[in-house]
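Enquirer: I have a structure here, written as structure tokens, and I will follow up with some questions on it.
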Ligand code: NAI
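Numbering (the UniProt record's numbering), first residue to last: 3 to 329.
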């Protein structure tokens with residue numbers, strides 16, 4: 003047995019939190035030999051509900067679960083954190099402008115970034131799930147000036163998994179046959195799910211499906227899957243989002259099995275995405291760090307779609323910068 007890993011989950015009383023915590027405690031994220039210390043951060047009004055979840059975690063008698071702390075204090079929630087899953091966020095309320103949403107979330111992710119800076123473990127890994135995830139990650143990173151920026155990521159793994167699943171359904175093959183799918187840009191409807199370099203059982207996907215299906219069915223289906231889930235379930239995706247968060251952290255720590263996956267990471271300027279933006283790329287995890295897969299050819303259609311999503315990320319960045327929220 004290795005020494006315990008401290009995992010902080012914010013928004014722990016929310017629906018993703020409820021789907022996430024039990025899987026982390028069971029070993030799905032860090033493996034069957036790594037004990038876990040859970041720290042749950044909530045707003046004061048939801049602390050009692052998070053404590054209820056902590057009671058249930060106790061009732062599972064998970065062998066790997068060393069402790070569960072519930073708090074409304076970011077300083078204590080991020081004390082010694084190795085893995086921070088920032089799930090809690092301010093949803094868009096009725097009549098809320100996009101700038102109001104960005105500002106309300108900056109009021110959450112700025113202080114959390116500072117608390118991570120001051121209290122987390124030196125090698126902390128941060129995954130932002132709460133929306134607008136990419137820009138919330140940018141804000142948290144900007145407020146954690148002592149933490150290397152590559153430690154901050156945002157989740158597009160759910161979009162990636164949705165894309166892989168849709169393609170596998172279309173081709174009638176197992177998801178494990180699929181490789182080389184990429185989500186580019188923002189975790190929003192502007193994202194670009196890219197099949198240009200995808201393969202199924204080693205065969206190039208563009209030779210197996212027609213362009214019309216990709217453009218008029220596949221891309222909108224993946225980009226609007228969140229709305230489809232809300233429509234069917236009467237609530238937004240929760241278990242699938244939690245599962246994607248687990249995939250992201252597991253791959254980050256253990257390495258991507260083969261091929262690549264998608265994650266929103268701080269851009270180093272690759273593929274013309276402005277340096278410093280948190281944008282989704284094709285990534286591999288090597289020795290515990292994400293690397294952007296280099297050298298992929300981008301046909302005109304891909305270039306336009308990536309540029310459109312990146313333009314949205316630039317607008318979000320400029321809006322929070324204009325509000326003085328980038329630290
Ligand atoms: P939810 O509303 O069920 O739970 C959110 C929880 O966060 C609530 O319990 C709330 O009290 C808490 N919270 C709010 N502000 C907080 C703060 N400052 N500190 C700690 N906790 C705080 O929402 P749900 O369904 O769990 O979703 C959470 C977020 O994840 C949303 O922003 C949602 O849009 C986003 N999401 C992102 C996905 C992605 O692919 N990146 C996929 C699905 C959801």
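Glycine included, every Cβ here is placed at the ideal spot set by N, Cα and C.
Hey, would you say residue 136 sits closer than 8 Å to residue 112, going by beta carbons?
Expert: On the chain shown, residue 136 is found 134 positions in, with the first residue counted as 1. On the chain shown, residue 112 is found 110 positions in, with the first residue counted as 1. For residue 136 and residue 112, no; Cβs fall outside 8 Å.
Enquirer: Which same chain residues end up closer than 7 Å to residue 237 when comparing Cβ atoms and leaving out the 5 residues on each side of it in sequence?
Expert: Taking the chain shown and counting its residues from 1, one reaches residue 237 at position 235. Cβ-Cβ distances below 7 Å link residue 237 to 17 in the same chain, with the five nearest sequence neighbours on each side left out; the list follows chain order.
Enquirer: Can you give me the C-alpha to C-alpha distance between residue 214 and residue 303, rounded to a whole angstrom?
Expert: On the chain shown, residue 214 is found 212 positions in, with the first residue counted as 1. On the chain shown, residue 303 is found 301 positions in, with the first residue counted as 1. Distance between the alpha carbons of residue 214 and residue 303 is about 13 Å.
Enquirer: Is residue 98 near the ligand NAI, in the sense that its beta carbon is under 7 Å from a heavy atom of that ligand?
Expert: As a position in the chain shown, residue 98 is number 96, starting the count at 1. A distance criterion of 7 Å places the beta-carbon of residue 98 beyond contact range of the ligand NAI, judged by its closest non-hydrogen atom.
Enquirer: Where do the N-terminal and C-terminal ends of the alpha helix (DSSP H) with residue 4 fall, by residue?
Expert: Residue 4 sits at position 2 when you count from the first residue of the chain shown. No alpha helix (DSSP H) contains residue 4, which DSSP labels as neither H nor E.
Enquirer: Along the alpha helix (DSSP H) that carries residue 137, what are the first and last residues, could you check?
Expert: Within the chain shown, the letter at position 135 stands for residue 137. 135-144 is the span of the alpha helix (DSSP H), which, as asked, contains residue 137.
Enquirer: With hydrogens ignored, establish whether the beta-carbon of residue 160 is closer than 7 Å to any heavy atom of the ligand NAI.
Expert: Here residue 160 refers to the residue found at position 158 of the chain shown. Residue 160: yes, Cβ under 7 Å from the ligand NAI.
Enquirer: Rounding to the nearest angstrom, what Cα-Cα distance links residue 118 and residue 305 in this structure?
Expert: For the purposes of this step, residue 118 is identified with residue 116 of the chain shown, where counting begins at 1. For the purposes of this step, residue 305 is identified with residue 303 of the chain shown, where counting begins at 1. Going from the Cα of residue 118 to the Cα of residue 305 covers about 35 Å.
Enquirer: Please tell me whether residue 268 and residue 278 are closer than 8 Å, where the distance is taken between their beta carbons.
Expert: Walking along the chain shown from the start, residue 268 turns up at place 266. Walking along the chain shown from the start, residue 278 turns up at place 276. It is a contact, given that the beta carbons lie within the stated cut-off.
Enquirer: Which runs of the alpha helix (DSSP H), 4 residues or longer, sit entirely within the segment 142-186?
Expert: Here the runs fully enclosed are 159-173.
Enquirer: Which ranges does the beta strand (DSSP E) cover as unbroken runs of at least 3 residues, wholly within the UniProt domain "Lactate/malate dehydrogenase N-terminal" (8-148), from first to last along the chain?
Expert: Taking only runs of at least 3 residues, the beta strand (DSSP E) segments lying wholly in the UniProt domain "Lactate/malate dehydrogenase N-terminal" (8-148) are 38-43, 67-73, 85-88, 127-130.
Enquirer: Could you pull the start and end residues of the beta strand (DSSP E) that residue 294 belongs to?
Expert: As a position in the chain shown, residue 294 is number 292, starting the count at 1. Residues 291-294.
Enquirer: Taking the Cβ atom as the reference point for each residue, do residue 105 and residue 190 lie within a distance shorter than 8 Å?
Expert: One-based indexing of the chain shown puts residue 105 at position 103. One-based indexing of the chain shown puts residue 190 at position 188. Remark: C-beta atoms of residue 105 and residue 190 do not approach each other more closely than 8 Å.
Enquirer: Could you name the residues of the same chain whose beta carbon sits closer than 6 Å to that of residue 42, not counting the 5 residues immediately before and after it, in chain order?
Expert: Against the chain shown, residue 42 aligns to sequence position 40. Once the five neighbours on either side are set aside, the close Cβ partners of residue 42 are 11, 14, 52, 72.
Enquirer: I'd like the list of long-range same chain contacts for residue 221, defined as Cβ closer than 7 Å, with 5 residues on each side in sequence excluded.
Expert: If you number the chain shown from 1, residue 221 lands on position 219. Within the same chain, 195 come within 7 Å of residue 221 by CB-CB distance, once the 5 residues on both sides are set aside.
Enquirer: Is the Cβ-Cβ distance between residue 82 and residue 44 less than 8 Å?
Expert: What you label residue 82 is simply residue 80 of the chain shown in a count that begins at 1. What you label residue 44 is simply residue 42 of the chain shown in a count that begins at 1. No, these two residues do not count as a Cβ contact at 8 Å.
Enquirer: Determine the direct distance from the alpha carbon of residue 177 to that of residue 318, and round the result to whole angstroms.
Expert: One-based indexing of the chain shown puts residue 318 at position 316. One-based indexing of the chain shown puts residue 177 at position 175. Answer to the nearest angstrom: the Cα atoms are 34 Å apart.
Enquirer: Can you list, in chain order, the residues of its chain whose CB lies under 6 Å from that of residue 79, leaving out five sequence neighbours each side?
Expert: For the purposes of this step, residue 79 is taken as the residue at position 77 of the chain shown. Once the five neighbours on either side are set aside, the close Cβ partners of residue 79 are 10, 41, 43, 73.
Enquirer: Look up residue 196 in the DSSP assignment and say whether it is helix, strand or coil.
Expert: One-based indexing of the chain shown puts residue 196 at position 194. Strand, per DSSP.
Enquirer: My assumption, with CB atoms under 8 Å, is that residue 185 sits in contact with residue 170. Please give the rounded CB distance.
Expert: For this step, residue 185 is matched to residue 183 along the chain shown. For this step, residue 170 is matched to residue 168 along the chain shown. No, residue 185 and residue 170 are not in contact; Cβ-Cβ is about 16 Å, not under 8 Å.
Enquirer: I want to know whether the segment 125-133 touches the segment 149-159 - three or more CB-CB distances under 8 Å.
Expert: yes
Enquirer: In whole angstroms, give me the CA-to-CA distance for residue 76 and residue 200.
Expert: Here residue 76 refers to the residue found at position 74 when the chain shown is read from its first residue. Here residue 200 refers to the residue found at position 198 when the chain shown is read from its first residue. Roughly 41 Å between the two C-alpha positions.
Enquirer: Alpha carbon to alpha carbon, what distance is there between residue 35 and residue 100?
Expert: Walking along the chain shown from the start, residue 100 turns up at place 98. Walking along the chain shown from the start, residue 35 turns up at place 33. Cα to Cα, the separation comes out at about 44 Å.
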